[in-house]
Structures are given as C-alpha cells and as structure tokens.
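Residue numbers (the working numbering), protein chains in the order written: chain A, 1 to 115; chain B, 1 to 112.
Note that CB positions come from ideal geometry on N, CA and C, so glycine has one too.
Just so you know, these numbers come straight off a predicted model, no measurement behind them.
Next comes the structure, spelled out in structure tokens:
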C-alpha cells in the first residue's frame with residue numbers, strides 16, 4: 001500500500017489563527033480524502049480532493065473553514081481556518097487503492113489542540 | 001446517504017475467548033465492507049474486508065461474515081490476545097472512489 005505522511009504530527013494553536021496540514025503520498029493517487037476524528041469518536045469525512053478540481057465537501061463542512069488544495073497527484077493540504085477550541089481533533093488524510101479502488105489507507109494524523 | 005450502526009460500543013473478553021462485533025448498514029448499493037483496527041494514538045489500519053459477492057472471509061484468527069439480505073456484517077476474532085485490544089471500526093462503501101461511511105467504533109479490551 002501507499003506510504004502516506006502528514007505534517008505537522010501535532011500542534012497547539014491559539015484561537016482565531018489558521019493551520020495548514022500537509023499530506024504527502026509516495027505514489028500517484030486519484031482521490032485523497034480528509035477526515036476529522038474528535039476524541040473518542042469515529043471518523044467523519046470532511047471532503048474529497050481530486051487533482052485539478054475543487055474539493056467536494058460533506059454536509060456540515062464548508063470551504064471557507066476548511067480550504068483544501070490538491071496541486072498534484074501525490075500531495076494535498078487542508079487548512080483549518082479561524083480556529084476555535086471545538087476544532088481540536090485529529091485530522092487524517094487517506095487515499096484509496098486497489099482494484100477496484102475502494103480500500104482506504106490512512107496517514108498518521110495531525111493532532112490539533114486549539115487554546 | 002449511508003448509515004452504519006455498530007454494536008457493542010465496548011467489549012471486554014478474557015484472553016483466549018472470542019469477540020464478535022456487529023454492524024448494520026442502510027444503503028443496499030453498498031458492496032464493500034472494510035474493518036479497521038485503531039490502537040491508541042495510531043492511525044486506523046485495515047485488518048480485513050469483504051465484498052458483497054462473498055458471504056464469509058477468514059484470515060487467521062479474524063473472520064468477517066456478510067448477510068446482504070439483512071444488511072448486516074460481523075467481525076469475529078478467535079483466541080483473543082492482549083494485543084487485540086484496540087478500537088475497531090466497521091465501514092461500508094459502494095466502492096470505486098465512493099464515500100466510505102464508518103461505524104461508531106467498538107473498544108475491545110482483552111483481559112490477560
């Protein structure tokens with residue numbers, strides 16, 4: 001499976017600021033996904049990022065709050081904007097592989113704490 | 001959209017016993033059902049998956065069963081070991097770059 005890395009691994013931020021999380025894959029992938037996992041909770045899909053087009057956001061998530069870039073087939077960024085303590089979560093990127101391409105593999109995650 | 005329910009939310013078993021986690025899904029178009037294991041502070045890791053054209057799949061101590069008619073699938077872990085302690089998530093997807101919907105998770109504790 002693809003090797004996925006994320007930066008930063010963790011961060012502590014002040015409310016009102018923004019943080020950009022990077023996701024790098026060691027092979028070209030069509031779709032990349034961004035998830036949020038709040039403490040003790042399941043994984044919630046934020047958006048799907050396809051190279052060359054705007055990301056598709058799930059209900060409850062908006063582009064102004066979580067802008068996403070997908071400049072090429074191996075890289076994506078998620079920005080958490082104007083942060084509040086409620087944004088404290090683990091943010092994970094994932095990619096789909098296989099034939100058919102439906103098995104998701106996850107990056108190590110970014111643990112965000114907003115004070 | 002798809003809704004995946006998972007039970008129980010917590011499960012404690014003695015080492016060597018079996019553990020069973022059950023999930024139901026709502027969308028009949030779903031045809032791919034992966035299971036993930038997430039250890040504390042780690043990323044979710046795929047442990048087994050099953051597609052809708054198969055009723056059962058086994059990999060060593062882990063097995064998954066699927067009942068398409070009833071829209072439910074289950075994870076079975078036999079001869080549990082302390083290293084099986086983790087949170088397990090079921091999921092459902094209609095495949096091919098479609099959205100994967102996750103269950104709420106089951107925290108499994110294997111008592112030595």
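Could you check whether residue j and residue i sit closer than 8 Å to each other, using their CB atoms as the reference points?
i	j	result
residue 74 of chain A	residue 104 of chain A	no
residue 33 of chain B	residue 11 of chain B	no
residue 19 of chain B	residue 80 of chain B	yes
Would you mind working out which of the options sits nearest residue i, comparing C-alpha positions?
i	options	result
residue 46 of chain B	B/112, B/99, B/9 and B/91	B/91
residue 85 of chain A	A/10, A/113 and A/107	A/113
residue 30 of chain B	B/78, B/63 and B/1	B/1
Considering residue i, what are the terminal residues of the beta strand (DSSP E) in which it resides?
i	result
residue 59 of chain B	56–59
residue 49 of chain A	44–50
residue 71 of chain A	68–72
residue 40 of chain B	Element bounds for residue 40 of chain B: n/a, residue is neither H nor E.
residue 67 of chain B	62–67
Distance check for residue j and residue i, CA to CA, integer angstroms please.
i	j	result
residue 48 of chain A	residue 31 of chain A	7 Å
residue 96 of chain A	residue 17 of chain A	31 Å
residue 26 of chain A	residue 10 of chain A	21 Å
residue 112 of chain B	residue 14 of chain B	6 Å
residue 1 of chain A	residue 98 of chain A	9 Å
residue 94 of chain A	residue 25 of chain B	22 Å
residue 54 of chain A	residue 61 of chain A	14 Å
residue 35 of chain A	residue 49 of chain B	20 Å
For residue i, is the classification buried or exposed, using 16 other Cβ atoms within 10 angstroms of its Cβ as the cut-off for buried?
i	result
residue 44 of chain B	buried
residue 86 of chain B	buried
residue 78 of chain A	buried
residue 98 of chain B	buried
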